[in-house]
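**Q** Chains as they are written, first to last, in my numbering: chain A, 1210 to 1603; chain B, 1210 to 1603.
Note that the Cβ used here is the ideal one computed from N, Cα and C, for glycine as well.
Remember, predicted model here, so these are calculated numbers, not experimental data.
2 protein chains.
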Amino acid sequence: MGDKDSLASPAPGQTGDSASPTSLAALDATKLNITLAKTLKPLQPIETLRFGQTFSDHMIVATFDPEIGWSAPEVKPHGPITLDPACSCFQYGGNVFEGMKAYLGPDGKARLFRPDMNMRRLERSCARLALPPIDGDVVLELVKCLVDLEKRWIPKESGYSLYLRPTVIATRPGLGVIASDHAMLYILASPTGPYYEVLKPVSLLAVSDNVRAWPGGTGGHKVAGNYSPGFLPQRIAAEKGYNQILWLFGDDRRVTEAGAMNFFVVIKRDDGDGVDLITAPLDGTILPGVTRASCLALASDPEFHKECCVRLHPQEKVYTMSDIIKWSSEGKLLEALLIGTAVIVGPCNKIGYEGEDIVIPGTGMGPVGTAFRKKILDIQEGRTEWKGWGVVCP
Amino acid sequence: MGDKDSLASPAPGQTGDSASPTSLAALDATKLNITLAKTLKPLQPIETLRFGQTFSDHMIVATFDPEIGWSAPEVKPHGPITLDPACSCFQYGGNVFEGMKAYLGPDGKARLFRPDMNMRRLERSCARLALPPIDGDVVLELVKCLVDLEKRWIPKESGYSLYLRPTVIATRPGLGVIASDHAMLYILASPTGPYYEVLKPVSLLAVSDNVRAWPGGTGGHKVAGNYSPGFLPQRIAAEKGYNQILWLFGDDRRVTEAGAMNFFVVIKRDDGDGVDLITAPLDGTILPGVTRASCLALASDPEFHKECCVRLHPQEKVYTMSDIIKWSSEGKLLEALLIGTAVIVGPCNKIGYEGEDIVIPGTGMGPVGTAFRKKILDIQEGRTEWKGWGVVCP
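#1: Using C-beta distances below 7 Å, list every residue in its chain close to K1285 (chain A), excluding the 5 sequence neighbours before and after it, in chain order.
#2: So who's on the other strand from K1285 (chain B), going by DSSP bridges?
#3: Can you list, in chain order, the stretches of the alpha helix (DSSP H) that have 4 or more residues and sit fully within the region 1327-1352 of chain B?
#4: Cβ closer than 9 Å: which chain B residues qualify as neighbours of V1347 (chain A)?
#5: For the beta strand (DSSP E) containing K1365 (chain A), name the first residue and the last one.
#6: In chain A, which residues lie with their C-beta within 9 Å of the C-beta of L1292 (chain B)?
#7: Which chain A residues are close to I1343 (chain B), counting only those with a beta carbon under 9 Å from its beta carbon?
#8: For L1236 (chain B) and V1347 (chain B), what's the separation of their Cα atoms in angstroms?
#9: G1383 (chain B) CB to nearest chain A CB: under 8 Å?
#10: G1211 (chain B): buried (16+ other C-beta within 10 angstroms of its C-beta) or exposed?
#11: For chain A, find out if any of its Cβ atoms is closer than 8 Å to the Cβ of I1269 (chain B); answer yes or no.
#12: For the region 1502-1518 of chain B, which residues have a CB atom closer than 8 Å to at least one CB atom of chain A, in sequence order?
#13: Starting from M1530 (chain B) and walking both ways along the alpha helix (DSSP H), at which residues does that stretch end?
#14: Just checking: is the beta-carbon of R1323 (chain B) within a distance shorter than 8 Å of some beta-carbon in chain A?
#15: If contact means a Cβ-Cβ distance below 7 Å, which residues of the region 1226-1256 of chain B contact chain A?
#16: Flag Y1369 (chain B) as yes if its beta-carbon sits less than 8 Å from any beta-carbon of chain A, otherwise no.
#17: Return helix, strand or coil for S1399 (chain A), following the three-state DSSP convention.
#18: Does Q1589 (chain B) come within less than 8 Å of chain A when only Cβ atoms are used?
#19: Mind pulling the chain C residues with CB within less than 8 Å of W1362 (chain B)?
#20: Quick one, are the C-beta atoms of T1500 (chain A) and T1427 (chain A) less than 8 Å apart?
#21: Near I1588 (chain A), what residues of its chain come up, given a Cβ to Cβ distance below 6 Å and the 5 sequence neighbours on each side ignored?
#22: Tell me whether S1232 (chain B) is buried or exposed, calling it buried when 16 or more other Cβ atoms sit within 10 Å of its Cβ.
#23: Pairs of beta-carbons, one from the region 1430-1443 of chain B and one from the region 1331-1340 of chain B, closer than 8 Å: are there three or more?
#24: Can you tell me which of the three DSSP states T1500 (chain B) falls into?
#25: Consider the Cβ of C1298 (chain A): report whether some Cβ of chain B lies at a distance smaller than 8 Å.
#26: Which residue's Cα is closest to the Cα of F1472 (chain A): A:D1460, A:Q1453, A:G1459?
#27: My assumption, with CB atoms under 8 Å, is that V1484 (chain A) sits in contact with V1519 (chain A). Please give the rounded CB distance.
#28: What number of angstroms, rounded off, separates the C-alpha of D1492 (chain B) from the C-alpha of P1342 (chain A)?
#29: Would you tell me roughly how many angstroms separate the C-alpha atoms of S1503 (chain A) and S1509 (chain A), rounded to the nearest one?
#30: Measure the beta-carbon distance from Y1372 (chain B) to T1401 (chain B) and round it to whole angstroms, keeping in mind my assumption that it falls under 8 Å.
#31: Quick check on K1409 (chain B): does DSSP put it in helix, strand or coil?
#32: Measure the C-alpha to C-alpha separation of M1530 (chain B) and V1464 (chain B) and round it to an integer number of angstroms.
#33: Grab me the residues of L1196 (chain A)'s own chain with a C-beta within less than 7 Å of its C-beta, minus the 5 sequence neighbours each way, in chain order.
#34: Using a Cβ-Cβ cut-off of less than 8 Å, list which residues of the region 1409-1438 of chain B approach chain A; keep chain order.
#35: Could you name the residues that DSSP lists as bridge partners for F1473 (chain B)?
#36: Please name the residue, chosen from B:G1555, B:P1424, B:R1444, that lies closest to A1410 (chain B) on a Cα-to-Cα basis.
Next comes the structure, spelled out in structure tokens:
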């Protein structure tokens, strides 16, 4: 059922044959044009915030044309975008995004958390879908501009933040299975709170018949098409009474991710030297999460061990449902943690697998998860300085 | 890096808890509202048609709202669509489409080719991404309306047609990794010609490090996110001098699809009883193509064997690059065919694999491919009646 153009060579501009890359305009934050909203929206009471439903007054937009390059980016009122219905973003899924948060510190300054990691991932995601190249450092400048402009939207309360969503979509206005030589970058800002009022544990259903990611696929990139295939399994899990899915991979039922988050287990060691902190390796089927990398870095830092009151042995390695069952039966499975930008660190209390529930001990977040969450929030909210992870805006 | 909402239960309307399915309006072709373009575009000379670049005067649009159901569908001038930038279609890739063609027969009637197969697949694709349910029979009524309205856009010349692109996109206007409870259906019409003036053979680069589809994924559905991950490998193949990719799967290098098309090989049999027509089985990693199914059906029909002048033994089975190399070295590999709605049937002349080229004999399409192409075009263009495959519009 191929499109006819699927036989064609790359379109002009795709391989630099219509215009040399050097003649195309680069994305340039210094060219930012600002069109402010005529009236500003009232801030919403923080109790009524629901994730991703409220947006600030403005967004930033820039477009890529294969003959011109990147347009001057523009701050404009947050609002709808208008596109040709034949655009690749609708037809062939050539869309990528990032999720970041800006926090207001006790010093009144807005901070991003390790935004360079998001930007490098955005560059890789764009390259993986053959979108026009984008300079993440410039995108970060634009993100900082938006944070600065929308500072009144960052809630002052701990655990609240301004969620930022840089998105790049493929806007080639025609059918044909070929890389998009047009693109649009936009950055949205949405005030958001902690997912839990109390840190309520999440139940997971381990699933192996639906597979989120696979070697040679796009599971290691933040591309839009990774997410919608999980919606039907997620609905089925919800109907069975579970909050989310634990994605397994392969005949040996390797544990990969939970929902759209990374997943860690805390395992008591036989030698009595603290605990193992285990998560799946970055083999292309796992999203390289910023919070994941941060927890692994903290876990290998003796200074953090003191704060955590336990020695942690971080391990990125393949582990399976059989391992989890064994650790559980031996009483070594101490904590199971969901890790991601939105949740930061959250507890899992049970895993449904083949008709049985593996129950995680305790009634909420355990000591390791609690220590991670506290430390990362302290850094994000500017109460602690730590290795330059908190980046002040602008 | 999960969204906070990825922990949440399905949104209202997702599981029918906000409004019972029976209270929602069904898509209804009899409610079609028609707003005609004020001026009609001039028809383009057929020599200048490029696939998917020219569109007819009108499109059909309908929207799904979780509280109301489907809106009355509307014929309106072909043009841009306006959406919230937080919509799922941009963020989470919840988009599906179909490709179909309307042909003008010698009797002056417009015909679709087995459109019921496209509509069942559209229903399955929507269900796979947890999009709101859609009745393919009603979509087909709308497609027929559009074909009837745009009949002047169907070129009269053999091999030319009006390509139709029913598309369903996820329009939930908010972030959060959850099924979209809003959707938009639109149907575009684009006049198109044969890909080749002469049936120029296509070269393929066999690729196993990038994997198009995998068990438990969406390769058996026509979802937008299946396509963009192939753009980078396609560009690399083009830089190596190949027109398209032959997607392999698994350690044993199973042959699956070519570009965005199904793939067949014609193999001389040892028993002298004609040829085997071999294609990969529908195991979830292969798109169930309409042209694929039609070739398989023709290949098992003795009446077609007479037209083809050879006895065909159709086989849907796993076969590998090792098999292709063996068949080639034994002189049994007679033809390799690309099969899809856009190309119909096209020849492959070589397959690059591990630094060597496997050369397919002959200088163009072989006798089996030629017979398939002629028969299917005869049915599509209304010169032959065959099992009800040609469906007159309206």
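**A** A quick look at the data gives this:
#1: In the first sequence, counting from the first residue as 1, residue 1285 (chain A) sits at position 76. Short of 7 Å from the beta carbon of K1285 (chain A), and not among the five residues preceding or following it, lie these beta carbons of its own chain, in chain order: T1244, H1267, M1268, V1270.
#2: Counting from 1 along the second sequence, the entry for residue 1285 (chain B) is found at position 76. Partner(s): B:M1268.
#3: Fully enclosed alpha helix (DSSP H) runs of 4 or longer: not present.
#4: Working through the first sequence from its first residue, we reach residue 1347 (chain A) at position 138. Within 9 Å Cβ-Cβ: nothing; V1347 (chain A) doesn't reach chain B, min ~19 Å.
#5: Within the first sequence, the letter at position 156 stands for residue 1365 (chain A). Where K1365 (chain A) is concerned, there is no enclosing beta strand (DSSP E), given that its DSSP letter is neither H nor E.
#6: In the second sequence, the residue the question calls residue 1292 (chain B) occupies position 83. In chain order: P1289, I1290, T1291, L1292.
#7: In the second sequence, counting from the first residue as 1, residue 1343 (chain B) sits at position 134. Chain A residues near I1343 (chain B): none, gap ~15 Å exceeds 9 Å.
#8: For this step, residue 1236 (chain B) is matched to residue 27 along the second sequence. For this step, residue 1347 (chain B) is matched to residue 138 along the second sequence. If I take the Cα positions, the gap works out to 7 Å.
#9: Looking up residue 1383 (chain B) in the second sequence gives position 174. So yes, G1383 (chain B) belongs to the interface.
#10: Taking the second sequence and counting its residues from 1, one reaches residue 1211 (chain B) at position 2. Per-residue confidence for G1211 (chain B) stands at a pLDDT of 40, beneath the threshold of 50, marking its modelled position as unreliable; the derived number appears in the next sentence. The residue is buried, with at least 16 neighbouring Cβ atoms inside 10 Å.
#11: Taking the first residue of the second sequence as position 1, residue 1269 (chain B) is located at position 60. It does not; no Cβ of chain A falls within 8 Å.
#12: none
#13: Translated into positions along the second sequence, residue 1530 (chain B) becomes position 321. Per DSSP, M1530 (chain B) belongs to the alpha helix (DSSP H) from 1530-1538.
#14: Reading the second sequence from its first residue, position 114 is the one you call residue 1323 (chain B). No, no contact with chain A.
#15: none
#16: Stepping through the second sequence from its first residue, residue 1369 (chain B) is reached at position 160. By this cut-off, Y1369 (chain B) is not an interface position.
#17: Residue mapping note: residue 1399 (chain A) aligns to position 190 of the first sequence, counting from 1. Correct three-state label for S1399 (chain A): strand.
#18: Position 380 of the second sequence, counted from the first residue, corresponds to residue 1589 (chain B). Cβ-Cβ to chain A under 8 Å: no for Q1589 (chain B).
#19: Going by chain labels, chain C is absent from the structure shown, which instead holds the protein chains A and B.
#20: The residue given as residue 1500 (chain A) occupies position 291 in the first sequence. The residue given as residue 1427 (chain A) occupies position 218 in the first sequence. No; because the gap between Cβ atoms is not below 8 Å, this pair is not in contact.
#21: Here residue 1588 (chain A) refers to the residue found at position 379 when the first sequence is read from its first residue. Correct list, in chain order: W1595, W1598, G1599.
#22: On the second sequence, residue 1232 (chain B) is found 23 positions in, with the first residue counted as 1. Residue environment for S1232 (chain B): exposed (fewer than 16 other C-beta atoms within 10 angstroms of its C-beta).
#23: Enough Cβ pairs lie closer than 8 Å, so yes.
#24: For this step, residue 1500 (chain B) is matched to residue 291 along the second sequence. The answer is helix: DSSP assigns T1500 (chain B) an H, G or I state.
#25: Position 89 of the first sequence, counting from 1, holds the residue named residue 1298 (chain A). So, interface residue.
#26: Sequence index remark: in the first sequence, residue 1472 (chain A) carries index 263 (1-based). Per the Cα distances, A:Q1453.
#27: Locating residue 1484 (chain A) in the first sequence gives position 275, where the first residue counts as 1. Locating residue 1519 (chain A) in the first sequence gives position 310, where the first residue counts as 1. Contact flag correct, Cβ pair sits at about 6 Å.
#28: On the second sequence, residue 1492 (chain B) is found 283 positions in, with the first residue counted as 1. On the first sequence, residue 1342 (chain A) is found 133 positions in, with the first residue counted as 1. Approximately 36 Å, taken between the alpha carbons.
#29: For the purposes of this step, residue 1503 (chain A) is taken as residue 294 along the first sequence, with counting starting at 1. For the purposes of this step, residue 1509 (chain A) is taken as residue 300 along the first sequence, with counting starting at 1. Distance between the alpha carbons of S1503 (chain A) and S1509 (chain A) is about 10 Å.
#30: In the second sequence, the residue the question calls residue 1372 (chain B) occupies position 163. In the second sequence, the residue the question calls residue 1401 (chain B) occupies position 192. Contact flag correct, Cβ pair sits at about 4 Å.
#31: Counting from 1 along the second sequence, the entry for residue 1409 (chain B) is found at position 200. Coil, per DSSP.
#32: Counting from one through the second sequence, the residue named residue 1530 (chain B) turns up at place 321. Counting from one through the second sequence, the residue named residue 1464 (chain B) turns up at place 255. Looking at the two C-alpha atoms, the distance is approximately 6 Å.
#33: With chain A represented from 1210 up to 1603, any question about residue 1196 (chain A) goes unanswered, as that position is not in the structure.
#34: V1411, S1417, D1418, N1419, V1420, W1423, P1424, G1425, G1426, T1427, K1431, V1432, A1433, G1434, N1435, Y1436, S1437, P1438
#35: Here residue 1473 (chain B) refers to the residue found at position 264 when the second sequence is read from its first residue. DSSP lists B:T1488, B:L1546 as partners of F1473 (chain B).
#36: Counted from its first residue, the second sequence places residue 1410 (chain B) at position 201. In the sequence under discussion, the amino acid at residue 1410 (chain B) is Pro, which differs from the Ala named in the question. Checking every option, the nearest Cα to that of P1410 (chain B) belongs to B:G1555.
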